[in-house]
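Trainee: In our numbering, the protein residues as written are 13 to 196.
All C-beta atoms, glycine included, are put in the ideal place defined by N, C-alpha and C.
Computed from a predicted structure; not experimentally measured.
There's a structure below that I have some questions on.
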């Protein structure tokens with residue numbers, strides 16, 4: 013027959029408080045993980061986004077011509093006119109600077125955040141686009157050669173990398189959080 017003994021409930025009460033604390037901090041932890049994954053994705057996609065450069069058109073930008081009256085006059089050459097008309101004051105990197113992170117939303121048991129680039133041509137750079145071969149592109153001073161310009165897939169590739177990285181990152185953060193709660 014079993015004898016009656018004494019049992020100390022203080023450790024169980026301490027464990028219960030730690031579990032309650034963990035439950036109370038769960039929402040913040042999930043949002044923190046989502047925010048970190050979004051920041052890493054933003055960093056990767058920004059680095060992978062190409063930056064446009066003004067074309068380096070060869071040849072002189074101006075041409076000097078002597079008129080019939082003997083005075084010399086300076087005119088823009090073909091390349092100089094293209095540069096002045098299309099590329100004066102050009103600053104590259106609009107697409108790269110356009111990436112932003114939306115708000116974190118909880119949908120059911122999961123969290124969702126949007127990485128957005130509102131630049132109007134972002135989808136054409138991401139997925140590629142058609143063009144008419146032989147069409148003259150005045151800003152570049154050349155004709156289009158191919159019917160399809162392949163995409164850079166900067167968001168698609170970055171998203172795949174983050175999906176592969178996410179379990180390890182979340183596991184590491186969860187382990188740190190558990191140590192913080194249960195070692196206190």
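Between residue 157 and residue 143, what straight-line distance do the alpha-carbon atoms span, to the nearest angstrom?
Mentor: Your numbering for residue 157 matches position 145 in the chain shown. Your numbering for residue 143 matches position 131 in the chain shown. Straight-line Cα distance between these residues: approximately 9 Å.
Trainee: Measure the C-alpha to C-alpha separation of residue 189 and residue 39 and round it to an integer number of angstroms.
Mentor: Residue mapping note: residue 189 aligns to position 177 of the chain shown, counting from 1. Residue mapping note: residue 39 aligns to position 27 of the chain shown, counting from 1. When rounded, the distance between both Cα atoms is 13 Å.
Trainee: If you pair each beta-carbon of the region 122-141 with each one of the region 102-110, do three or more pairs fall below 8 Å?
Mentor: yes
Trainee: Please report whether the beta-carbon of residue 88 lies at a distance below 7 Å from any beta-carbon of chain B.
Mentor: Absent from the structure: chain B. Only one protein chain is present.
Trainee: With a threshold of 16 other CB atoms inside 10 Å of the CB of residue 50, please say whether the residue is buried or exposed.
Mentor: Residue numbering aside, residue 50 sits at position 38 when the chain shown is read from its first letter. Burial call: buried.
Trainee: So, with DSSP's three-state summary, where would you put residue 111?
Mentor: The count along the chain shown starts at 1 and reaches residue 111 at position 99. DSSP places residue 111 outside both helix and strand once states are collapsed to three, so it counts as coil.
Trainee: Could you please give the first and the last residue of the uninterrupted alpha helix (DSSP H) stretch that includes residue 38?
Mentor: As a position in the chain shown, residue 38 is number 26, starting the count at 1. Where residue 38 is concerned, the enclosing alpha helix (DSSP H) starts and stops at 38-60.
Trainee: Sort out for me which residues DSSP pairs residue 3 with in a bridge.
Mentor: Coverage of the chain is limited to positions 13 through 196, which leaves residue 3 absent and any answer about it impossible.
Trainee: Is the beta carbon of residue 104 sitting closer than 7 Å to the one on residue 65?
Mentor: Taking the chain shown and counting its residues from 1, the one referred to as residue 104 is at position 92. Taking the chain shown and counting its residues from 1, the one referred to as residue 65 is at position 53. Against a cut-off of 7 Å, the Cβ pair of residue 65 and residue 104 comes out as a contact.
Trainee: Figure out for me which residue from 155, 149, 152 and 140 has the closest Cα to the Cα of residue 167.
Mentor: What you label residue 167 is simply residue 155 of the chain shown in a count that begins at 1. Closest option to residue 167, Cα to Cα, is 140.
Trainee: Determine which residues share a DSSP beta bridge with residue 76 and list them.
Mentor: Against the chain shown, residue 76 aligns to sequence position 64. According to DSSP, which records beta bridges pairwise, residue 76 is partnered with 86.
Trainee: Following the continuous beta strand (DSSP E) through residue 161, name the residue where it begins and the one where it ends.
Mentor: Residue mapping note: residue 161 aligns to position 149 of the chain shown, counting from 1. Run containing residue 161: 160-162, per the beta strand (DSSP E) assignment.
Trainee: Assuming residue 123 contacts residue 52 under a Cβ cut-off of 8 Å, what Cβ separation, rounded to an integer in Å, is found between them?
Mentor: As a working note, residue 123 is residue 111 in the chain shown. As a working note, residue 52 is residue 40 in the chain shown. Their Cβ separation, rounded to whole angstroms, is 15 Å, which puts residue 123 and residue 52 out of contact at 8 Å.
Trainee: What first and last residue would you give for the alpha helix (DSSP H) that runs through residue 191?
Mentor: Counting from one through the chain shown, the residue named residue 191 turns up at place 179. Run containing residue 191: 166-194, per the alpha helix (DSSP H) assignment.
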